[in-house]
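*Asks:* This structure is in structure tokens; I'll ask about it shortly.
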């Protein structure tokens, strides 16, 4: 009976994830263009090609840069909002819903919307800043701005799920801890620092790991809004691999690049998990 | 138990949708890059043409529209063995299909068919789908890229209309005279509207004696960044720069005749259709938008399409060159209903059908008889005069040419937006293209 329950999910996972991944792993060892009949076995050549290819390494760096900026900022914002909507006030459910809405909207639609937000002169941001006499910036077409614009947008898009996770973490903190802290005369700030934050460590790490993985894989906004430009400054690795596979049709090479990305994400995640374990141990020890 | 039966029946119903629901009439699958129908008069007319073919041949025409990622999806169809019976082939991305055995050589069918005549078509257009005497696609319609100009704006400025023998310099002078500034220096009307979209400016390179790739199509270095091209791109980017550096100071560019990229983005409209630009390079498809131009506060269209002219592109070379973009009909090698597919291709490329279809005005018909009949309209006649100057697009014979077009567009954007040196930007693009080609 147990098999009946896990069966559908397992089959789905196998057919749509595991088997294609294994197949891609095999493809990564071939010089293979999707429509050509005879793939040529080249061993690890695709991997060495990829690791010496400047545009690919640049794209990895761009993704890394994006993650380094968007993950901490996005998490800080989400934690802040979670603390706010955790107040026991009337109508808070409405705010929680509002903040979550971006998460259920289509990534393509959101990107289209943000193109208008970032427009020079007539875009929302430029209209607002022009009130203060700041001259218009073409955010998506400036090398120094485009990546920051994507980071800014991602904070908003990623807010919902992160906020909900933090909220769940906050709700799980026993009120007795705050009561005890209050008796000890701890200020609100002290309570946040010594009770809330330590109690949120597991949640924070979960959000950190999933957000980092998500950030390393960012694709839709780049595809829709910047096409990797200007001057390839937003050519992130997900978009780079997509082009390798579907514009240049270098399927084997694109597969190899995907596995390099996978390896990097695994390494980052392992590192983060190690950090989390040591943090939790430290926390339980104190 | 009853629930399981429902599920089974539903599945069976889904599966049977794939085969033919209508009493064994064969289904002819046709792929194009159109989206969902918009129920316009034209759309209804096209639908009735599909039905007409179905009735005449006892089949059902099933259109599979793929508005985004057409090339990708057709490549996957080929691999998965689910190719349609007829594929509308975009000249700009035809190479991958023609070069890799995806399409059937139609010559044997043509040889057997007394109704089909090559001489019905413009030879250079027909040539797009031909290789070494083999024919992989029958042209449907196409457009050369041309210079549109707004006669009303020219008349207001008292400037004679451009003629086919104009040079870059003459073009620039004209554009400059048509650029109108407010007292503040803000440009009110542009002489030209430039776009960094490479399919829309590659012809300028040819018209100054340059090119994109070496004649064998394998190398960009030394070609894309040639001295002529540097000159051409300097010419183009100078027109669309809002500022220039003079003695280390940033000042307004006195030679600006086209909106800068951020000015164009901020305006959010087609400046030519809006009557704010006197000239623009575009294809025949743009005419649909010009015929439905935005209206002013009195409800009057901002441009009158009958007051538009079309002229060959400016050139410093003895002849003016341009590029053409085309849609043809091809039959995949793995097509299932070969005879029916051929009938369909003939039906769509027939005079009686193309006459109806081309009334939409989206493009120029590849059939001489139909196009020449439509040339009673002056602007259509002007298009026909330009056809002999039109070259096939690189994408029709270079696989993955999209990469080249992106590199070219990126180069222009980096010059215009980030003030990069023209030679450096072109050399960088050429190097990227060569490295990309080397990977294949």
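Residue numbers (the working numbering), protein chains in the order written: chain A, 24 to 309; chain B, 1297 to 1736.
Beta carbons: idealized from backbone N, C-alpha and C, even for Gly.
#1: Relative to chain B, which residues along the region 270-290 of chain A have a C-beta separation below 8 Å, given in chain order?
#2: Check the Cβ of residue 1630/B against every Cβ in chain A and list those closer than 7 Å, keeping chain order.
#3: Runs of 4 residues minimum, wholly inside the region 1569-1611 of chain B: which ones carry the alpha helix (DSSP H) assignment?
#4: Can you tell me whether residue 217/A is helix, strand or coil according to DSSP?
#5: Comparing alpha-carbon positions, which option in 1626/B, 1339/B, 1402/B lies nearest residue 1654/B?
#6: For the structure I just gave you, are there three or more beta carbon pairs, one from the region 1448-1460 of chain B and one from the region 1604-1624 of chain B, closer than 8 Å?
#7: Are the C-beta atoms of residue 1371/B and some chain A residue less than 8 Å apart?
#8: Which residues, in chain order, does the region 1471-1494 of chain B contribute to contact with chain A at a C-beta distance below 7 Å?
#9: What in chain B is Cβ-close to residue 165/A, meaning under 7 Å?
#10: Output needed in chain order: residues of the region 1397-1423 of chain B with a Cβ under 9 Å from some Cβ in chain A.
#11: Per DSSP, which residues does residue 280/A bridge with? Please list them.
#12: Three Cβ pairs or more, each shorter than 8 Å: is that satisfied between the region 1619-1627 of chain B and the region 1505-1515 of chain B?
#13: Suppose the cutoff is 6 Å on Cβ atoms and the five residues either side in sequence are ignored; what does the same chain contact list for residue 1358/B look like?
#14: Taking buried to mean at least 16 other C-beta atoms within 10 Å of its own C-beta, is residue 83/A buried or exposed?
#15: Going along the chain, which residues of the region 116-144 of chain A sit with their C-beta nearer than 8 Å to a C-beta in chain B?
#16: Please confirm whether residue 1709/B has its beta-carbon closer than 8 Å to some beta-carbon of chain D.
#17: Do residue 1398/B and residue 1328/B have their beta-carbon atoms positioned less than 8 Å apart in this structure?
#18: Based on DSSP bridge pairs, tell me the residues matched to residue 1443/B.
#19: Evaluate residue 1728/B with the Cβ neighbour count: other Cβ atoms within 10 Å of its Cβ, from every protein chain shown; 16 or more gives buried, anything less gives exposed.
#20: On a Cα-Cα basis, can you pick out the residue from 1485/B, 1628/B, 1682/B, 1438/B that is closest to residue 1275/B?
#21: Are there three or more Cβ pairs, one per stretch, closer than 8 Å when the region 1430-1439 of chain B is compared with the region 1534-1551 of chain B?
#22: Given residue 1599/B, which residues of its chain have a CB within under 7 Å of its CB, disregarding the five upstream and five downstream residues?
#23: Name the residues in the region 243-254 of chain A whose C-beta lies less than 7 Å from a C-beta of chain B; which are they?
#24: Restricting to Cα atoms, I'd like to know which of 264/A, 233/A, 43/A, 282/A is closest to residue 296/A.
#25: To the nearest angstrom, how far is the alpha carbon of residue 202/A from that of residue 188/A?
#26: Could I get the ranges of all uninterrupted beta strand (DSSP E) runs contained in the region 1400-1425 of chain B, with 3 residues as the minimum, in chain order?
#27: Assuming the contact rule is C-beta atoms closer than 8 Å, residue 1556/B and residue 1712/B should be a hit. Round their C-beta distance to whole Å, please.
#28: Pull up the distance between the alpha-carbon of residue 41/A and that of residue 51/A, whole angstroms please.
#29: For residue 1368/B, which residues in chain A fall below 7 Å Cβ to Cβ?
#30: I'd like to know whether the C-beta atoms of residue 219/A and residue 241/A end up nearer to each other than 8 Å.
*Replies:* On the basis of the data shown:
#1: 270, 271, 272, 273, 276
#2: Here residue 1630/B refers to the residue found at position 334 when the second chain is read from its first residue. By Cβ distance, chain A contributes nothing, its closest Cβ being about 12 Å from residue 1630/B, past 7 Å.
#3: 1582-1587
#4: In the first chain, residue 217/A corresponds to position 194, counting from 1. Residue 217/A falls in the helix class under three-state DSSP.
#5: Along the second chain, one-based indexing puts residue 1654/B at 358. When each option's Cα is compared against that of residue 1654/B, the closest is 1339/B.
#6: yes
#7: Start at 1 with the first residue of the second chain, and residue 1371/B comes out as number 75. Yes, residue 1371/B lies at the interface with chain A (some Cβ there is under 8 Å from its Cβ).
#8: none
#9: If you number the first chain from 1, residue 165/A lands on position 142. Correct list: 1713.
#10: 1397, 1398
#11: Along the first chain, one-based indexing puts residue 280/A at 257. Partner(s): none; residue 280/A has no beta bridge.
#12: no
#13: Translated into the one-based positions of the second chain, residue 1358/B becomes position 62. Excluding residues within five positions, the ones whose Cβ falls inside 6 Å are 1323, 1325.
#14: Residue 83/A sits at position 60 when you count from the first residue of the first chain. When all chains shown are included, residue 83/A counts as buried.
#15: 142, 143, 144
#16: Protein chains in the displayed structure are A and B, and chain D is not among them.
#17: For the purposes of this step, residue 1328/B is taken as residue 32 along the second chain, with counting starting at 1. For the purposes of this step, residue 1398/B is taken as residue 102 along the second chain, with counting starting at 1. It is not a contact, given that the beta carbons lie outside the stated cut-off.
#18: For the purposes of this step, residue 1443/B is identified with residue 147 of the second chain, where counting begins at 1. 1577/B, 1607/B, per the DSSP bridge assignment.
#19: Reading the second chain from its first residue, position 432 is the one you call residue 1728/B. Answer is buried; the Cβ neighbour count reaches 16.
#20: Lying outside 1297 to 1736, the shown extent of chain B, residue 1275/B is not represented and no answer is given.
#21: no
#22: Residue numbering aside, residue 1599/B sits at position 303 when the second chain is read from its first letter. Excluding positions up to five away in sequence, the list reads 1446, 1569, 1571, 1586, 1589.
#23: 252, 253, 254
#24: Stepping through the first chain from its first residue, residue 296/A is reached at position 273. The shortest Cα separation from residue 296/A among 264/A, 233/A, 43/A, 282/A belongs to 233/A.
#25: Here residue 202/A corresponds to residue number 179 of the first chain, with the count starting at 1. Here residue 188/A corresponds to residue number 165 of the first chain, with the count starting at 1. Their backbone Cα atoms lie some 24 Å apart in a straight line.
#26: none
#27: Position 260 of the second chain, counted from the start, is the residue given in the question as residue 1556/B. Position 416 of the second chain, counted from the start, is the residue given in the question as residue 1712/B. Rounded, the Cβ-Cβ distance is 7 Å, consistent with contact.
#28: Translated into positions along the first chain, residue 41/A becomes position 18. Translated into positions along the first chain, residue 51/A becomes position 28. Approximately 15 Å, taken between the alpha carbons.
#29: As a working note, residue 1368/B is residue 72 in the second chain. In chain order: 269.
#30: On the first chain, residue 219/A is found 196 positions in, with the first residue counted as 1. On the first chain, residue 241/A is found 218 positions in, with the first residue counted as 1. Not in contact: residue 219/A and residue 241/A (Cβ atoms no closer than 8 Å).
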